[in-house]
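In what follows, a single structure is set out as structure tokens and then discussed.
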Amino acid sequence: MSGVTDISETQAHSKDRGNKGTAVTPDKPAALRAFWHRWVQPLSSVMNSHAAPLDSAEIDAAVTAVTETVPAKRRAALLALLRDRLADARVRLEAELTETKDGVIYVGLNAWMIDQLLEIVRREAVRDAGGKAQAGMAIVAVGGYGRGELAPHSDIDILFLVKNKVTNGLKLQIEYILYMLWDLGLKVGHATRNAADCIVAAKEDQTILTGLLEMRHVAGDTALSDQLSAMFDAHVDKTKPLNFVEEKLAERDLRHQRLGDTRYVVEPNIKDGKGGLRDLHTLLWTVKYAYRATSLVDIVDQSILRDSEARRFAAAQRFLWTVRCHLHLYAGRPEERLDFEAQMVIAPLMGFADRGGLRGVERFMKRYYLAARDVGNLTRIFCAAMETDFRKRRKFFEKSFKLSRNIGEFQIQAGRISLADDILFRDAPLRILKLFQLAQEHEADIHPQTLHRITRAMPSIDAETRADPAANALFLDILTSATNPERILRLMNESGVIGRFLPDFGRIVAMMQFDMYHSYTVDEHTIKALGILHRIETGGLTGDAPVASEAMPEIGSRRALFVAVLLHDIAKGRGGDHSILGAEVAHKVCPRLGLTPAETETVSWLVRHHLLMSKIAFRYDLNDPKTIEDFAAIVQSPEQLRLLLILTVADIRAVGPTIWNGWKAALMRDLFSRTDAVLKGGDPTVIAQGNAEMARALAFEKLVGDKDSSTPSRQKAKKEKSGTVWTAAAFDAHADNFPQAYWTGFDAKSHCKHAVLCQQFRNLETPLLIDLSSDKVRRATEMTVITVDDPGLFSRIAGAVAAVGVNIAGARITTCSDGTVLDVFYLQTIDNQVVDDAALLTRIRDFVTKAAVGKMRIADALMARWQQMPKRIRRFPVPPRVLLSNNISKTHSVIEVNGRDFPGFLYKITRCMVDLGLQIQSSSISTYGERVVDVFYVKDIFGLQISNEVRQQHIRNALLAVLQTSDAHDADTNDGDAA
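FYI, the numbering used here numbers position 700 of the sequence shown as 814, with every residue one higher than the one before it.
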């Protein structure tokens, strides 16, 4: 709004506030005060601007017209009447919410409606009790209902306040009211106390104290409510404000820890999550208690907030209220978790459409995260005010008791750094960056009042500051410091400094990636990746990422690596390939930060290719020499290989807490070692052939044992384990049965294991062997199947596994020269863990056995599994795509299939390939939330690549038809669900 008086940075840290606060701003215009009441006091607002939700006069007339005298029948008639009127009122409230997109109106009108209902029911309770009003009882609203806010399915918290003790007549009235409310489907939290008991309970239970802080008279004896209010005020006046504040904020911190301690999760809890409504409520409670404020207007008048901050408070609260109302109505219950499906439904209801390269739901969630960030900034402002006004050194306000010391214009005291009061950030914006740099260097917190001043001085970070070499040097020092940059960068981001200093970064602040793969917003993911990079450098991830940890000390482009991690997702949301666009941004940003031309090229190359290594490792056959050869041609040098490895590890681990696993680590390790050998002069084909020969020799050596294996006892042990004593002739016969790719595709331990299994298979009457064992390194269960080959075998096994409800993380098919096949599947639970449940393993074995011999109705089993699949996954739009290339491998055609994940995806795709006459040599399966990418190495029936273009297009069309048919089936299923 125009005409709003602002407060300068000088005024912001003025000493003119006492304990109660002295206004340092002019009187606010009446219109502005009305604005605050409008957005922060919904009940009083709607009572001045709207008609009552219930027509009390009409209801009274209808009640009077009820001639039934039998109490039970009269109550039933009243219940039917009120149920009908409430239903009509709720329809009108929901229609107004849809039209106005304003949750403030809804929560205010809903609270008013319950006020009216309670008065109507109370009068009827008096009538039911004999027609005489029992003196000495009031109905008092507490908690959120007391504030005059009531979301569609929120609890109605009321206090039956009595004068002394509950008489039989009052008990009958209270029971009548409660049973009527319950029969109307309302969830009621209630207590019955007198005023003295309320004060005693408040002293013992902070939840009760907090509820009374927002008490409001609704019906009954007003004098009783006034008495309780006076007694409560007297009790509060006798207490120390910071005791309450400290406990409330400690309670808030525990709540945050329980819900992940970040406001940037992709499915946030809008009530209890960090930056949610409960945090705003906590701020109001603490300010009401500490400053005896009764409204946001009082907070502004006491100069705790300035005008613009009050508006941010109101805007954040209004937005969160609106989201919560829509969420309750959508879920039909008091749901607080804003999951993906709810986001897709609510975004258009709140007017968010696709625009500027972002989907409507992504724009909606960005608005949510910005509101949550505003809540965090407001928290710091309140903390600063209380620190200044109450001058307490409590645990809440400090982490350590270091001696005070001055560092130039800054002071560190009690573990927190601040800028002298008579020095302004806006006079020299470089001070803002210097402050963060010192806070990082000395591992200090930043005083809340100083952060408050930074927020208000933000406009001073302008084009001149961004072009200042000293400012850029400071930022680069923070980014590349030996001290973990994650904490300071997150604080800089939440205070808006990074987005202001690097406008390109500002574009990804609070940007949501609407998928089930990423757990955080783009900016939070980036900052987490930088923290992980620091842990790699300092040895904190040697167990989980040993190769990256070993490579880190060997790199010569450390600064470039840190900048590349900062910029790797900088161009997301721009409507194009963010890797290509990000490389262009890097060319612009790096020189400004002070990087050399060589460093700039390195950063640009890393950003351009930051997805390459994971794509190659997780999708393509690392035993194919051409895969390694092509990758090495792009990487070009061992230095860039090391940099790319470290960046890739940091990037993947920052996606979410369960994304990185031993399976991915093993693939990355294999790709790195093989490419490193090629970059150091090795020929990929020779390396593969040499590796195969070495692998055969090593397997034989391990099978026959070491030098002592010729002893009778050792040979006896070998025979008991494998069923035979391995001679050179026996091993050669076994080894010659396998192609070269087999020997480079597994390690020596697997070769020995397979040899033993092959011997067991030859002794079976039924030609089917299934072995299940845990692979702790890959964090998967390895299932080995040996049987006689037939064209649909792989597809049937994949279908059986999917029907059980287990994921296939990877698979390798080995066709032997004697007509048998050795298929290895790596299985994981839906949360990417080893399958170790005995009953589940038995079920897998049974299903695979039936499928292998063709005795399982896989389609029926998958249909049952499909019905159990969460709807939100089924409704994610993932455009299907099929790629076929003869350039990735010299011996095979490579088919890449992209689509939305569904039970039996691999089964349906491979069954189609079999019908097309394709031989599947190997496959890799990568799942990214709701999206799956499967890659297959195939040959035609003659053992050749598919070179005919017409044939290639026919294959693409057939596979696309499978994916599109599944989407159509999903739509049919959804229609059925809706019905």
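Backbone N, C-alpha and C define an ideal beta-carbon position, used for all residues, glycine too. Predicted, not measured: the structure shown is a model, and the values here were computed from it.
Residues Ile884, Met897, Val899, Ile911, Ala914, Val915 of the same chain have their beta carbon placed closer than 8 Å to that of Val962, with the five preceding and five following residues left out of the count. Val350 carries a helical assignment under DSSP once its states are collapsed to helix, strand and coil. No Cβ-Cβ contact shorter than 8 Å links Val996 with Leu941. DSSP places His701 in the uninterrupted alpha helix (DSSP H) bounded by 692-707.
In the DSSP assignment, Glu172 falls within the alpha helix (DSSP H) that extends over 170-178.
Membership of Arg926 in the beta strand (DSSP E) is indicated by the continuous run 921-929. Ile272 counts as buried, since at least 16 other C-beta atoms from the protein chains shown sit within 10 angstroms of its C-beta. With contacts defined as CB atoms closer than 8 Å, Phe845 and Cys930 fail to qualify as a contacting pair. Remark: fewer than three beta-carbon pairs, one from each stretch, lie closer than 8 Å, so the region 757-772 and the region 695-715 are not flagged as touching. Under DSSP, the beta-bridge partners assigned to Glu1010 are Leu997, Val1049. Of the candidates Ala581, Ala587, Ile546, Asp582, the residue whose Cα lies closest to the Cα of Arg567 is Ile546.
By the CB criterion at 8 Å, Ile622 and Gly687 fall inside the cutoff.
About 23 Å separates the beta carbons of Ala315 and Gly262, which is beyond the 8 Å limit, so they are not a contact pair. Ile1039 sits away from Leu1058, with the two beta carbons spaced by 8 Å or more. The alpha-carbon separation between Cys439 and Thr396 amounts to approximately 20 Å. In the structure shown, Gly334 adopts extended strand secondary structure according to DSSP, grouped into three states. For the pair Thr895 and Leu886, the CB atoms are nearer than the 8 Å cut-off. Taking a cut-off of 8 Å on C-beta distances, the region 727-744 touches the region 778-791, as three or more cross pairs fall below it.
It is roughly 44 Å from the alpha-carbon of Phe619 to the alpha-carbon of Val938.
For Asp885, the uninterrupted beta strand (DSSP E) run begins and ends at 882-889, by DSSP.
Our two residues, Arg469 and Met625, have alpha carbons roughly 13 Å apart in a direct line. Cα atoms of Met727 and His682: separation of roughly 14 Å, rounded to the nearest angstrom. Within 10 angstroms of the beta-carbon of Gly390 lie 16 or more other beta-carbons, which makes it buried. In this structure, DSSP gives His648 a helical state, which the three-state scheme calls helix.
In this structure, Val677 is the residue among Val677, Ala596, Gly690 with its C-alpha nearest to the C-alpha of Pro705. Thr1041 has Val1046 as its beta-bridge partners, per DSSP.
Secondary-structure assignment with DSSP links His304 through a beta bridge to Ile272. For the pair of segments examined, the region 661-677 was found not to touch the region 804-818: the number of CB pairs separated by less than 8 Å stays below three.
Taking every protein chain shown into account, the CB of Lys863 has fewer than 16 other CB atoms within 10 angstroms, so this residue is exposed. Comparing alpha-carbon positions, the option among Val948, Leu231, Ala265 lying closest to Ile253 turns out to be Leu231. DSSP places Ala315 in the uninterrupted alpha helix (DSSP H) bounded by 309-318. Burial of Leu196 is indicated by the presence of at least 16 other C-beta atoms within 10 angstroms of its C-beta. Taking a C-beta distance under 8 Å as the contact criterion, Glu698 and Leu644 do not qualify as a contact pair. Counting the other Cβ atoms within 10 Å of the Cβ of Arg926 gives 16 or more, which makes it buried.
By the C-beta density criterion, Trp296 is exposed, having fewer than 16 other C-beta atoms within 10 angstroms. The straight-line gap separating the alpha-carbon atoms of Gln1067 and Asp269 is approximately 60 Å.
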